[in-house]
Amino acid sequence: MKKFTKLTSAVVPLNIENIDTDQIIPARFLKATTREGFGENLFRDWRYDGDNTPKPEFVLNNPTYSGQVLVAGKNFGCGSSREHAAWAIQDAGFDAVISSFFADIFKGNALNNGLLPIQVSDVFLAQIFKAVDSNPKSALEVDLENQTVTILETGAQESFEINPYKKSCLINGYDDIDFILNQKQLIEEFEQAK
Amino acid sequence: MSKTLVEKIWDAHVVKSEEGFPDILYIDTHLIHEVTSPQAFDGLRKRGLPVFRPKQTVATADHNVPTLNQLLPIKEELSRYQVDMLTKNCAEFGIELYGLGHPFQGIVHVIGPELGITLPGKTMVCGDSHTSTHGAFGAIAFGIGTSQVEQVFATQCLLQSKPKTMKIEVNGELEKGVGAKDIILYIIAQISAAGGTGYFIEYAGSAIESLSMEARMTICNMSIEMGARGGLIAPDQTTFDYIKGREFAPAGEEWDKALAYWKTLYSDADAKFDSVLTFNAADIAPMITYGTNPGMGMGIQEHIPATTGQPETEKVSYKKALDYMGFDDDSSLIGKPVDYVFIGSCTNSRIEDLREVANFVKDKRKADNVTVWIVPGSKQVEQQAKNEGLDKIFEAAGFQLREPGCSACLGMNEDKIPAGKYCVSTSNRNFEGRQGQNARTLLASPLTAAAAAVTGKITDVREMLEKVEG
Numbered sequence: 010m011k012k013f014t015k016l017t018s019a020v021v022p023l024n025i026e027n028i029d030t031d032q033i034i035p036a037r038f039l040k041a042t043t044r045e046g047f048g049e050n051l052f053r054d055w056r057y058d059g060d061n062t063p064k065p066e067f068v069l070n071n072p073t074y075s076g077q078v079l080v081a082g083k084n085f086g087c088g089s090s091r092e093h094a095a096w097a098i099q100d101a102g103f104d105a106v107i108s109s110f111f112a113d114i115f116k117g118n119a120l121n122n123g124l125l126p127i128q129v130s131d132v133f134l135a136q137i138f139k140a141v142d143s144n145p146k147s148a149l150e151v152d153l154e155n156q157t158v159t160i161l162e163t164g165a166q167e168s169f170e171i172n173p174y175k176k177s178c179l180i181n182g183y184d185d186i187d188f189i190l191n192q193k194q195l196i197e198e199f200e201q202a203k
Numbered sequence: 007m008s009k010t011l012v013e014k015i016w017d018a019h020v021v022k023s024e025e026g027f028p029d030i031l032y033i034d035t036h037l038i039h040e041v042t043s044p045q046a047f048d049g050l051r052k053r054g055l056p057v058f059r060p061k062q063t064v065a066t067a068d069h070n071v072p073t074l075n076q077l078l079p080i081k082e083e084l085s086r087y088q089v090d091m092l093t094k095n096c097a098e099f100g101i102e103l104y105g106l107g108h109p110f111q112g113i114v115h116v117i118g119p120e121l122g123i124t125l126p127g128k129t130m131v132c133g134d135s136h137t138s139t140h141g142a143f144g145a146i147a148f149g150i151g152t153s154q155v156e157q158v159f160a161t162q163c164l165l166q167s168k169p170k171t172m173k174i175e176v177n178g179e180l181e182k183g184v185g186a187k188d189i190i191l192y193i194i195a196q197i198s199a200a201g202g203t204g205y206f207i208e209y210a211g212s213a214i215e216s217l218s219m220e221a222r223m224t225i226c227n228m229s230i231e232m233g234a235r236g237g238l239i240a241p242d243q244t245t246f247d248y249i250k251g252r253e254f255a256p257a258g259e260e261w262d263k264a265l266a267y268w269k270t271l272y273s274d275a276d277a278k279f280d281s282v283l284t285f286n287a288a289d290i291a292p293m294i295t296y297g298t299n300p301g302m303g304m305g306i307q308e309h310i311p312a313t314t315g316q317p318e319t320e321k322v323s324y325k326k327a328l329d330y331m332g333f334d335d336d337s338s339l340i341g342k343p344v345d346y347v348f349i350g351s352c353t354n355s356r357i358e359d360l361r362e363v364a365n366f367v368k369d370k371r372k373a374d375n376v377t378v379w380i381v382p383g384s385k386q387v388e389q390q391a392k393n394e395g396l397d398k399i400f401e402a403a404g405f406q407l408r409e410p411g412c413s414a415c416l417g418m419n420e421d422k423i424p425a426g427k428y429c430v431s432t433s434n435r436n437f438e439g440r441q442g443q444n445a446r447t448l449l450a451s452p453l454t455a456a457a458a459a460v461t462g463k464i465t466d467v468r469e470m471l472e473k474v475e476g
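Heads up: the sequence lines are chains U and E, in that order.
Per the working numbering, the first sequence starts with residue 10, numbered consecutively.
Per the working numbering, the second sequence starts with residue 7, numbered consecutively.
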């Protein structure tokens with residue numbers, strides 16, 4: 010799995026709430042049998058018209074905004090469990106997603122792929138949107154070791170929570186399967202005792 | 007120490023619990039389908055691992071299959087490839103597959119219960135968020151991502167933090183014309199599409215206890231639509247009667263042993279929940295959604311809430327949703343013309359749903375402006391409907407009875423609602439584009455959907471039921 014430690018980047022702001030995984034990657038693009046290539050259809054129906062013309066008003070089509078951090082409204086990633094949503098975001102070049110609230114399954118999927126979901130307060134989220142609004146190049150620093158996110162321009166900083174086990178997985182680049190496989194004997198003992 | 011039902015089942019499946027780490031949770035049954043499994047099989051190959059317990063894994067093809075002429079090769083190349091891949095992977099890794107043409111094929115959350123695979127006290131997972139459906143039997147069942155599918159393949163376990171618990175009680179009697187789908191749409195509208203996030207929900211109360219197993223599945227199915235990890239209902243005589251005699255259900259001595267265990271599966275009287283909500287069944291009307299998440303629902307006679315009443319931070323998203331739907335705030339939906347009616351999906355495609363619709367439309371005909379698709383949840387449901395002559399009723403009404411699959415619930419196959427069209431759907435999600443690009447979905451019960459099919463517009467089914475009786 011991809012490692013994550015520290016990141017300084019401008020952000021792509023998507024100030025919409027309840028963004029579900031059908032918006033992130035519509036079902037008709039789930040027919041692939043590999044993990045790669047989903048980025049080109051990220052937010053497909055918000056990015057393109059029915060005839061595949063890019064919609065200039067959508068943020069991903071606006072060259073003013075770029076960066077490895079996607080910032081979105083609360084309850085990000087609700088709906089379908091499709092891990093393709095996390096793959097698509099990562100494939101489009103993002104390494105972290107910030108929101109004031111994440112849906113459970115999306116959060117787990119992101120963590121299992123080295124895409125860092127950062128939950129901040131509503132107030133801090135509003136500060137990020139405000140900073141980007143006044144300066145689109147406004148950058149954030151994400152420090153996983155210290156669990157902080159900082160708006161560099163204003164110096165405003167907030168801590169975020171992450172399960173300590175998941176944190177060490179991200180920093181070291183190992184995944185749950187590596188962790189469980191090393192304890193297979195326990196599983197077999199559990200089965201016998203059942 | 008007293009425990010909730012979730013805690014009892016969870017604790018019985020913990021292989022290892024260590025401070026600072028998620029629990030290693032043993033998974034009894036793993037259900038898989040063609041869309042979220044191929045990358046997991048690939049992962050096993052890359053690691054050089056077998057499926058650890060293939061006999062505890064069951065596969066079917068449902069998300070991506072056509073609902074007409076299923077025995078012909080699948081026309082669409084990518085879909086065909088994905089379904090073929092499932093067949094190949096199952097053969098290579100020794101997994102039982104109920105694929106197209108098999109009498110047990112169907113939507114993964116419909117076939118588990120009907121085959122007696124879903125049982126009280128089990129832990130069950132599937133790479134699909136509606137796995138919560140199986141909680142209706144008193145099982146811990148939840149949806150997972152593909153990396154976790156690979157984890158379960160490799161180890162029959164998952165790393166999981168113990169969820170918080172919520173109890174939702176619904177007491178009293180439902181009005182005529184109001185059913186399980188209305189209960190769950192009502193609850194979601196009350197607590198919002200994120201109101202259950204982080205929780206495992208136990209549904210209880212007299213209104214829940216009086217429901218059939220299929221109705222209970224409808225309730226548990228939509229737990230994810232309020233963000234919950236899963237939902238369950240304590241097993242009782244209704245549960246035991248449903249399971250007995252099914253294909254893979256325990257029998258003989260095994261049944262007696264299982265039953266004795268199942269009877270211990272309830273939340274202790276003084277067990278503590280992290281949250282408790284109580285609703286009154288009599289307050290629930292037939293529900294309909296007006297927006298683009300399942301929390302945007304209302305009683306069918308109500309007006310769409312005014313934008314001015316929404317929290318400041320939510321106004322933009324709220325307006326965007328109504329614009330997408332083409333609805334004005336503070337307006338009623340009664341009488342709005344509809345173009346499609348879809349009766350199907352893991353929420354409402356079981357035999358009781360089909361019976362209820364057939365009973366309602368008998369001697370009636372669909373309105374000319376509406377296309378009606380009925381997609382049964384499984385081959386067994388389809389066969390049962392034919393055995394009972396429901397197919398004839400549907401045909402006479404101008405409803406098309408198709409073959410089983412997820413179909414227009416998510417429009418992965420060719421069953422898509424065209425752009426701009428309105429579809430009253432018994433499925434579970436009204437997200438933008440869910441049923442087809444720019445399609446507009448209104449979620450409702452099978453009865454409300456059937457009423458819309460007959461009148462060609464949004465209708466309060468209670469008024470039609472009164473007419474029938476009057």
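Idealized CB from N, CA, C, for every residue including glycine.
Small disclaimer: the values here were computed from a predicted structure and weren't measured.
What do you get for residue i, buried or exposed, if any count of 16 or more other CB atoms within 10 angstroms of its CB means buried?
i, result
"Glu167(U)", "buried"
"Pro109(E)", "exposed"
"Asn393(E)", "exposed"
"Gly476(E)", "The pLDDT assigned to Gly476(E) is 41, lower than 50, so where the model puts this residue is not dependable, and the model offers no usable value."
"Pro169(E)", "buried"
"Phe116(U)", "Correcting the residue identity first, residue 116(U) is Lys in this sequence and not Phe. Answer is buried; the Cβ neighbour count reaches 16."
"Pro173(U)", "exposed"
Could you say which of the options lies nearest to residue i if we only look at CA atoms?
i, options, result
"Phe47(E)", "Ile249(E), Thr152(E), Ile340(E) and Phe110(E)", "Thr152(E)"
"Gly233(E)", "Ile197(E), Thr313(E) and Leu217(E)", "Ile197(E)"
"Phe254(E)", "Thr124(E), Phe58(E), Gln390(E) and Tyr87(E)", "Thr124(E)"
"Ile114(U)", "Gln154(E), Lys81(E) and Glu25(E)", "Gln154(E)"
"Ser216(E)", "Gly185(E), Tyr205(E), Glu231(E) and Gly237(E)", "Gly185(E)"
"Ser135(E)", "Asp187(U), Asp29(U) and Thr14(U)", "Asp29(U)"
"Gly127(E)", "Ser337(E), Ala142(E), Leu106(E) and Gly258(E)", "Ala142(E)"
"Gly315(E)", "Pro300(E), Asp335(E) and Thr298(E)", "Asp335(E)"
"Leu239(U)", "Gly117(U), Glu170(U), Val78(U) and Thr14(U)", "Not covered by the structure: residue 239(U). The range shown for chain U is 10 to 203."
"Ala41(U)", "Ile186(U), Trp96(U) and Thr163(U)", "Trp96(U)"
"Phe366(E)", "Ala457(E), Gly439(E) and Val20(E)", "Ala457(E)"
Just the C-alpha distance for residue i and residue j, rounded to the nearest angstrom, thanks.
i, j, result
"Asn436(E)", "Asp329(E)", "14 Å"
"Ala65(E)", "Tyr104(E)", "6 Å"
"Glu150(U)", "Phe138(U)", "15 Å"
"Asp289(E)", "His93(U)", "40 Å"
"Cys412(E)", "Glu154(U)", "43 Å"
"Arg51(E)", "Pro72(U)", "40 Å"
"Asp104(U)", "Val20(U)", "11 Å"
"Asn444(E)", "Gly426(E)", "6 Å"
"Val80(U)", "Val129(U)", "10 Å"
"Thr465(E)", "His36(E)", "41 Å"
"Leu134(U)", "Thr353(E)", "35 Å"
"Phe348(E)", "Pro300(E)", "16 Å"
"Thr224(E)", "Glu82(E)", "31 Å"
"Leu180(E)", "Ala165(U)", "52 Å"
"Lys12(U)", "Asn118(U)", "15 Å"
"Phe67(U)", "Ala200(E)", "25 Å"
"Tyr296(E)", "Glu469(E)", "21 Å"
"Tyr346(E)", "Gln136(U)", "44 Å"
"Lys325(E)", "Asp68(E)", "35 Å"
"Ala195(E)", "Met130(E)", "27 Å"
Sort out for me which residues DSSP pairs residue i with in a bridge.
i, result
"Tyr330(E)", "Beta-bridge pairing links Tyr330(E) to no other residue."
"Tyr209(E)", "Ile174(E)"
"Thr447(E)", "Cys429(E)"
"Thr17(U)", "Glu150(U)"
"Cys352(E)", "Paired residue(s): none; Cys352(E) is not in a bridge."
"Ala147(E)", "Met130(E)"
"Tyr346(E)", "Thr377(E) and Cys429(E)"
"Ala81(U)", "Leu23(U)"
"Gln136(U)", "Its beta-bridge partners do not exist; DSSP assigns none."
### Query
Which ranges does the alpha helix (DSSP H) cover as unbroken runs of at least 4 residues, wholly within the stretch 21-109 of chain E, from first to last along the chain?
Annotation: the stretch 21-109 of chain E contains the following complete segments of the alpha helix (DSSP H) (minimum length 4 residues), in chain order: 44-53 and 83-99.
### Task
Taking only runs that begin and end inside the stretch 293-333 of chain E, name each unbroken alpha helix (DSSP H) of 4 or more residues, in chain order.
You should have 321-331.
### Message
Going residue by residue through the stretch 204-259 of chain E, where are the continuous alpha helix (DSSP H) segments of at least 4 residues, counting only ones entirely within it?
### Response
The qualifying runs are 212-215, 219-227 and 243-249.
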